[in-house]
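Here the structure is laid out as structure tokens; the discussion comes afterwards.
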Amino acid sequence: MTIPHALEATHLYKVFGRSPRDAVRRLKDGATRAEVADAGTAAVIDASFTVNPGEIFVIMGLSGSGKSTIIRMLNGLLEPTSGDVTVQGRSIRSASAAQLREIRRESISMVFQHFALLPHRTVLDNAAYALEIQGVGRTERRRRALEILERVGLGDRAEAMPSELSGGMQQRVGLARALTAGTGILLMDEAFSALDPLIRREMQEQLVELQRELGRTIIFITHDLNEAMFLGDRIAVMRDGRIVQNGTPEEILTDPANDYVAQFVQDVDRARVLTAGAVMEPAHATTPVTAGVRGALRAMRELQVGSVFVVENRRLLGAVTDRAVIRAVKAGQTDLRALVDRAVATVGPDDPLTDVVERSVESAVPVAVVDAGGRLLGTIPRVTLLAALGNVPATTREIDVIEPAPTVPQAAIIASLAELAEPTEAAPVDGALAAKGGAR
Ligand SMILES: Nc1ncnc2c1ncn2[C@@H]1O[C@H](COP(=O)(O)OP(=O)(O)OP(=O)(O)O)[C@@H](O)[C@H]1O
Ligand SMILES: [Mg+2]
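Counting from 77, one number per residue, gives the positions in the sequence shown under the working numbering.
Right, dumping it as structure tokens:
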């Protein structure tokens with residue numbers, strides 16, 4: 077079964093001016109924006125994209141690049157010169173005025189940069205406003221509005237007047253109003269741009285959290301790349317009316333489509349955007365617990381490292397260091413399990429690099445990336461972390477993280493494991509290798 081798009085824009089054009097249709101015809105024939113300037117301002121040129129249910133889709137670009145024009149076409153506030161928009165399968169273009177109002181009431185609500193609260197109404201009545209328009213009864217709408225106000229941390233200010241709130245709080249009331257409306261799609265045009273940086277960041281975090289809880293589809297406009305990268309599941313980058321790249325934050329960071337996007341991403345706060353999973357390296361320095369103390373020693377010598385991760389059925393048990401292993405060998409110990417330091421720093425694949433940095437500082441061994449089931453997915457050595465943060469070309473990206481990397485002396489490991497296999501904790505060589513193979 078295919079999931080229908082929440083929203084789809086197909087070949088949208090908007091030209092303001094004397095002869096919009098003529099301008100679009102010429103643009104379709106390959107004319108540039110400048111070449112049609114005599115006919116009008118081409119604010120949006122051939123924009124196509126789809127937005128999936130439950131995602132935050134960001135449209136980003138400099139001032140004047142056409143962001144607001146696009147978003148106004150999405151809910152029918154502006155009529156496209158050419159092209160169409162479908163909202164949950166319904167064409168905006170062919171909707172009557174009454175149908176459009178219905179779509180706006182039921183499917184798609186909009187949050188502006190200045191939320192324009194009604195000054196003579198309480199916070200609660202402001203938050204309940206959209207429901208009032210929808211004809212929901214007073215008790216019910218106040219109940220629903222209060223629930224959302226609590227979500228955005230304003231439950232105790234419900235009876236206050238807007239003027240008694242700080243700017244950030246007022247912004248939250250506006251957000252609550254849009255959320256209370258209960259529409260599946262939220263359009264947000266520079267909704268946080270007027271806030272000071274700390275509050276803005278708090279709002280961004282809250283929006284992501286709310287979106288996860290409430291599962292709304294959000295189309296968010298910003299000219300701030302950091303904001304775009306932090307919020308967006310996908311980002312469309314606009315320039316002079318055109319979408320020049322559409323991709324995940326990571327795609328846009330690591331593989332900018334052109335110099336314009338590359339320049340944009342230079343200043344981005346990479347630590348907040350890149351995830352552990354995007355920069356991790358295959359975990360070569362691992363040993364199955366069944367290989368025992370001497371297996372661990374052998375692995376460290378082969379790989380010329382001072383510590384290895386110990387895995388059991390692909391799950392990460394912890395790490396052992398060369399010193400601990402040598403001491404154990406001298407003492408005649410064979411059981412590796414007893415030596416494992418279980419307090420290794422771990423992160424999830426979706427954790428941002430800021431988390432990795434924190435862990436890395438505390439840890440002598442590379443940070444381990446593990447999935448929810450505790451399986452070792454990869455590692456982030458400090459040098460990898462520094463390279464990622466410094467935007468050093470990641471040469472290791474060429475390595476396929478599923479296949480064993482050619483630099484691993486697999487044959488040597490097989491030989492050493494076979495040689496070392498001790499009767500008491502004999503790991504079938506295949507099994508041991510499977511565990512290692514999976515631990516990346
Ligand atoms: N109603 C209008 N009439 C004429 N030109 C317009 C109109 N609205 C927008 N434009 C022009 O279309 C272009 C795109 O404007 P738009 O407001 O979509 O940009 P934006 O990306 O939202 O910019 P900002 O970040 O400053 O809000 C600009 O050149 C603008 O001057
Ligand atoms: Mg705008």
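No residue lacks a Cβ here, since even glycine has one placed at the ideal position from N, Cα and C.
Is residue i buried or exposed, if buried means 16 or more other CB atoms sit within 10 Å of its CB?
i	result
residue 196	exposed
residue 272	exposed
residue 165	exposed
residue 229	exposed
residue 90	buried
residue 215	exposed
residue 108	exposed
residue 432	buried
residue 479	The predicted model places residue 479 with a pLDDT of 33, which falls under 50 and marks its position as unreliable, so this point remains unresolved.
residue 368	buried
residue 462	exposed
residue 94	exposed
residue 402	exposed
residue 419	exposed
residue 338	exposed
residue 466	exposed
residue 322	buried
residue 274	exposed
residue 235	exposed
residue 227	buried
residue 437	exposed
residue 494	Only weak support exists for where residue 494 lies, its pLDDT of 42 falling under 50; the value from the coordinates is given anyway. Residue 494 is exposed by the Cβ-count criterion.
residue 459	exposed
residue 328	buried
residue 304	buried
residue 88	buried
Is the CB-CB distance between residue i and residue j below 8 Å?
i	j	result
residue 120	residue 147	no
residue 348	residue 428	yes
residue 441	residue 383	yes
residue 265	residue 189	yes
residue 324	residue 315	no
residue 259	residue 185	yes
residue 198	residue 221	no
residue 193	residue 218	no
residue 464	residue 355	yes
residue 307	residue 340	no
residue 353	residue 391	no
residue 206	residue 224	no
residue 127	residue 82	yes
residue 359	residue 385	yes
residue 169	residue 151	no
residue 457	residue 326	no
residue 115	residue 99	yes
residue 279	residue 246	no
residue 137	residue 299	yes
residue 426	residue 351	yes
residue 452	residue 387	yes
residue 294	residue 132	yes
Any heavy atom of ligand 2 inside 7 Å of the beta-carbon of residue i?
i	result
residue 266	yes
residue 183	no
residue 144	yes
Have a look at the DSSP bridge pairing and note the partners of residue i.
i	result
residue 319	314
residue 90	120
residue 296	134 and 264
residue 357	455
residue 193	Answer is none; residue 193 lacks a bridge partner.
residue 394	386
residue 83	127 and 163
residue 184	261
residue 364	387
residue 351	428
residue 158	89
For a test of your reading of the model: does the CB of residue i fall under 7 Å from any non-hydrogen atom of ligand 1? Yes or no.
i	result
residue 95	no
residue 139	yes
residue 92	yes
residue 173	no
residue 190	no
residue 299	yes
residue 117	yes
Would you say residue i reaches chain B, if we count a Cβ-Cβ gap shorter than 8 Å as a contact?
i	result
residue 315	As a matter of chain content, chain B is missing from the structure shown, which is built from one protein chain.
Whole runs of the alpha helix (DSSP H) within the region 199-281, excluding any shorter than 4 residues: 199-203, 205-209, 214-227 and 243-256
4 or more residues per run - each alpha helix (DSSP H) lying fully within the region 402-471: 429-438 and 458-465
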